[in-house]
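Novice:
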Amino acid sequence: MSDVKFTPGPWEVVNTDDNLCMSMTVITPRGLFERNETNGMLSDESSDKLGKIIAVTFHQIDPIVGLEACDKNEDDGNARLIASAPEMYESLKIYESWEAELLMENSVWVNGLPRFTQSLYDKWMEIQGKRNEVLGKADGRV
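Numbering (numbering that gives the first Met the number 0) for the sequence shown: 0 to 141.
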């Protein structure tokens, strides 16, 4: 992914605050911050690292009436989706390459339709596995 114009992945979701009024979830390059063993929060918030944060989602609760300004589950889902973006991008690039190979390989065309060779089929199964893994991370199953 050296030709892309975004922070290379993998990215991860890190909870940084969990008080009664607001919690903040940060999406960073994986391994940028150390996690506190006690609560899983960030333990190193030096300014040089804070400049590398990719995105932040907030979950707020009104401290007076206790009403939530937004849905914490939705915020967590948004953070997972954002964090999985580099892997989704990479999966799409792999699929694009496979599709080009399928379309350009003359030997796989029969009566105007492509047919899978064992090699193309195996690659397709590998791509589907990667796709399912990335989607699982994005929607919280993995």
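Note that the Cβ used here is the ideal one computed from N, Cα and C, for glycine as well. All values derive from a computational prediction rather than experimental measurement.
Report, in whole angstroms, the separation of the C-beta atoms of Ser96 and Val133, which I expect to be a contact under 8 Å.
Specialist: Contact doesn't hold; Cβ gap of about 16 Å is too wide.
Novice: Alpha carbon to alpha carbon, how far is Ile52 from Phe5? Give it in angstroms, no decimals.
Specialist: 12 Å
Novice: Identify, in the order they occur along the chain, each residue of the same chain with its Cβ nearer than 8 Å to the Cβ of Trp108, setting aside the five sequence neighbours on each side.
Specialist: Arg114
Novice: By the 10 Å Cβ neighbour count, where 16 or more other Cβ atoms means buried, how is Arg147 classified, buried or exposed?
Specialist: Absent from the model: residue 147. The displayed extent of the chain is 0 to 141, so no value can be given.
Novice: Name the two residues that bound the continuous alpha helix (DSSP H) containing Val133.
Specialist: Taken as a continuous stretch (DSSP letters only), the alpha helix (DSSP H) holding Val133 covers Gln117 to Asp138.
Novice: So is Met0 buried or exposed if we call it buried at 16+ other beta carbons inside 10 Å?
Specialist: Low per-residue confidence applies at Met0: pLDDT is 44, beneath 50, and the placement is therefore not dependable, though the value from the model is reported in the following sentence. Exposed, by the Cβ-count rule.
Novice: Within 10 angstroms of the Cβ of Gly8, are there 16 or more other Cβ atoms? Answer buried if so, exposed if not.
Specialist: buried
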